[in-house]
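Asker: One structure, as structure tokens, below. Some questions next.
In my numbering, the protein residues as written are 21 to 312.
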């Protein structure tokens with residue numbers, strides 16, 4: 021059986037202040053009429069378990085405002101946040117709401133994360149909706165603490181980045197150590213499995229992009245900008261927008277750099293183009309500013 025090949029496109033756009041804001045237009049679509057997909061089992065229980073155990077250092081990590089702003093406000097100083105910082109705060113991860121009948125639904129698995137995909141027929145065309153695990157601030161703080169511990173426990177060398185067998189071994193080591201750390205909080209096994217999958221995707225993968233990469237029905241994944249949804253080419257339904265957005269342009273740069281390292285290359289503003297085949301057989305094409 022031949023290995024599935026998938027094509028990734030990454031682009032980073034540079035938007036100047038005087039450029040027309042209509043470059044990135046949001047599609048106004050009505051509220052969905054279909055039944056909401058159930059959240060992964062036990063996410064709320066995870067949050068409650070974290071709060072009940074009063075894990076040291078956790079509550080300090082999710083204050084309603086960044087520590088710098090809190091100190092400045094307390095001292096009566098003007099905010100030192102830059103315009104870029106404010107732009108990032110004003111540009112949270114977007115969520116597309118659409119309406120229409122579900123023409124197909126199926127389950128995918130990405131590094132222990134079991135989730136659902138809906139193919140929805142809208143007035144604008146087909147739409148790809150994947151259920152993304154939603155983690156609250158206490159759970160996210162727990163994951164960040166666990167990440168820091170894992171970084172000190174696992175060594176990642178050049179071989180682990182460029183060799184597929186080494187990558188699989190690294191995933192397995194990361195999975196075992198993640199389970200060991202998370203089980204100390206006496207969480208249900210299904211919750212430990214979910215959080216382990218999130219850790220693997222975020223630490224050595226491409227975050228939520230790993231969800232669509234794990235879909236065997238997709239042939240291409242296109243990321244044009246953090247202002248636009250990730251688009252995919254489905255074997256049965258063709259090109260479709262998804263409900264996945266990247267947080268900012270910096271994240272696109274980071275993902276491009278991760279993929280470049282996997283083939284022993286670099287992608288920077290000096291070498292802004294990357295066209296390569298991964299050891300998995302996947303093809304990657306990435307273009308950064310000023311070329312794109």
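C-beta: ideal position from N, C-alpha, C; glycine also.
1. Tell me the residue span of the alpha helix (DSSP H) that contains residue 145.
2. Is residue 284 buried or exposed, if buried means 16 or more other CB atoms sit within 10 Å of its CB?
3. Start and end of the beta strand (DSSP E) containing residue 303?
4. Is the stretch 151 to 169 close to the stretch 195 to 206, with three or more CB pairs under 8 Å?
5. Is there contact here, the stretch 146 to 164 with the stretch 266 to 279, by at least three beta-carbon pairs under 8 Å?
6. How about residue 197 and residue 174: are their beta carbons less than 8 Å apart?
7. Buried or exposed: residue 294, going by 16 or more other Cβ atoms within 10 Å of its Cβ?
8. What are the start and end residues of each continuous alpha helix (DSSP H) run of 4 or more residues lying completely inside the stretch 134 to 218, in chain order?
9. So residue 238 is in the beta strand (DSSP E); what residue range does that whole segment cover?
10. Tell me whether residue 151 is buried or exposed, calling it buried when 16 or more other Cβ atoms sit within 10 Å of its Cβ.
11. Taking the alpha-carbon of residue 231 as reference, which of 206, 262 and 209 has the nearest alpha-carbon?
12. Using DSSP bridges, identify the partner residues of residue 129.
13. Helix, strand or coil for residue 257 per DSSP?
14. When we look at the beta-carbon of residue 234 and count the other beta-carbons within 10 Å, is it buried (16 or more) or exposed?
15. Beta strand (DSSP E) containing residue 294: first to last residue?
16. In its own chain, which residues sit with a C-beta less than 7 Å from the C-beta of residue 106, not counting the 5 before and 5 after it?
17. So the alpha helix (DSSP H) residue 274 belongs to, where does it begin and stop?
18. Spell out the partners DSSP gives residue 288 in its beta bridges.
19. Return the chain-ordered list of same chain residues with a C-beta closer than 7 Å to the C-beta of residue 213, the five sequence neighbours on each side being excluded.
20. For residue 224, does the three-state DSSP call read helix, strand or coil?
21. Excluding sequence positions up to five away, which residues of its chain have a Cβ less than 7 Å from the Cβ of residue 216?
22. Ignore the nearest five residues each way along the sequence and tell me which others in residue 296's own chain have a CB closer than 7 Å to its CB.
23. Nearest to residue 128 by CA position, among 251, 259, 155 and 238, is which residue?
24. If you draw a straight line from the C-alpha of residue 53 to the C-alpha of residue 140, how long is it?
25. In whole angstroms, give me the CA-to-CA distance for residue 126 and residue 287.
26. Whole angstroms is fine: what's the gap from residue 121's alpha carbon to residue 172's?
27. Using DSSP's beta-bridge definition, name the partner residues of residue 252.
28. Which two residues bound the contiguous alpha helix (DSSP H) that contains residue 266?
29. Out of 192, 134 and 143, which has the shortest C-alpha to C-alpha gap to residue 220?
Answerer: Taking the geometry as given:
1. In the chain shown, counting from the first residue as 1, residue 145 sits at position 125. Here residue 145 belongs to no alpha helix (DSSP H); instead the beta strand (DSSP E) covers 145 to 150.
2. Sequence index remark: in the chain shown, residue 284 carries index 264 (1-based). The residue is exposed, with fewer than 16 neighbouring Cβ atoms inside 10 Å.
3. Here residue 303 is taken as the residue at index 283 of the chain shown, counted from 1. From DSSP, the beta strand (DSSP E) with residue 303 extends over 303 to 307.
4. yes
5. no
6. If you number the chain shown from 1, residue 197 lands on position 177. If you number the chain shown from 1, residue 174 lands on position 154. Cβ atoms of residue 197 and residue 174: closer than 8 Å.
7. Here the question's residue 294 lines up with position 274 in the chain shown. Classification for residue 294: buried.
8. 157 to 173, 178 to 182 and 184 to 202
9. Working through the chain shown from its first residue, we reach residue 238 at position 218. Start and end: 238 to 243.
10. Within the chain shown, residue 151 is the residue found at index 131, counting from 1. Flag for residue 151 reads buried.
11. For this step, residue 231 is matched to residue 211 along the chain shown. If we check each option's Cα against that of residue 231, 262 comes out closest.
12. Here residue 129 refers to the residue found at position 109 when the chain shown is read from its first residue. The partner list for residue 129 (beta bridge, DSSP) reads 134.
13. Along the chain shown, read from residue 1 onward, the residue named residue 257 stands at position 237. Assigned with DSSP and collapsed to three states, residue 257 falls in coil, not helix or strand.
14. Here residue 234 refers to the residue found at position 214 when the chain shown is read from its first residue. By the 10 Å Cβ count, residue 234 comes out buried.
15. As a working mapping, residue 294 is identified with position 274 in the chain shown. It spans 293 to 297 - the beta strand (DSSP E) in which residue 294 sits, taken as one unbroken run.
16. Numbered from 1 along the chain shown, position 86 holds the residue referred to as residue 106. A caution first: residue 106 carries a pLDDT of 46, below 50, which makes its placement in the model unreliable, though a value can still be read off. Result list for residue 106: empty, nothing under 7 Å.
17. As a position in the chain shown, residue 274 is number 254, starting the count at 1. That run of the alpha helix (DSSP H) goes 269 to 282.
18. As a position in the chain shown, residue 288 is number 268, starting the count at 1. DSSP output for residue 288 lists no bridge partner at all.
19. For the purposes of this step, residue 213 is taken as the residue at position 193 of the chain shown. In the same chain as residue 213, and ignoring 5 residues on each side of it, the C-beta atoms closer than 7 Å to its own belong to 132, in chain order.
20. Within the chain shown, the letter at position 204 stands for residue 224. The answer is helix: DSSP assigns residue 224 an H, G or I state.
21. Against the chain shown, residue 216 aligns to sequence position 196. 132, 195, 198, 199 and 202, listed in sequence order.
22. Reading the chain shown from its first residue, position 276 is the one you call residue 296. Once the five neighbours on either side are set aside, the close Cβ partners of residue 296 are 283, 285 and 304.
23. Counting from 1 along the chain shown, the entry for residue 128 is found at position 108. Minimum Cα distance to residue 128 is reached at 238.
24. Walking along the chain shown from the start, residue 53 turns up at place 33. Walking along the chain shown from the start, residue 140 turns up at place 120. Residue confidence for residue 53 is low, a pLDDT of 46 falling below 50, so the modelled location carries little weight and cannot support an answer.
25. The count along the chain shown starts at 1 and reaches residue 126 at position 106. The count along the chain shown starts at 1 and reaches residue 287 at position 267. Distance from the CA of residue 126 to the CA of residue 287, rounded to the nearest whole angstrom, comes to 36 Å.
26. In the chain shown, counting from the first residue as 1, residue 121 sits at position 101. In the chain shown, counting from the first residue as 1, residue 172 sits at position 152. Between residue 121 and residue 172, the C-alpha separation is close to 48 Å.
27. Counting from 1 along the chain shown, the entry for residue 252 is found at position 232. BP columns for residue 252 point to 241 and 260.
28. Here residue 266 corresponds to residue number 246 of the chain shown, with the count starting at 1. Counting along the chain, residue 266 falls outside any alpha helix (DSSP H), and DSSP gives it neither H nor E.
29. Within the chain shown, numbered from 1, the residue matching residue 220 stands at position 200. Ranking 192, 134 and 143 by Cα distance to residue 220 puts 192 first.
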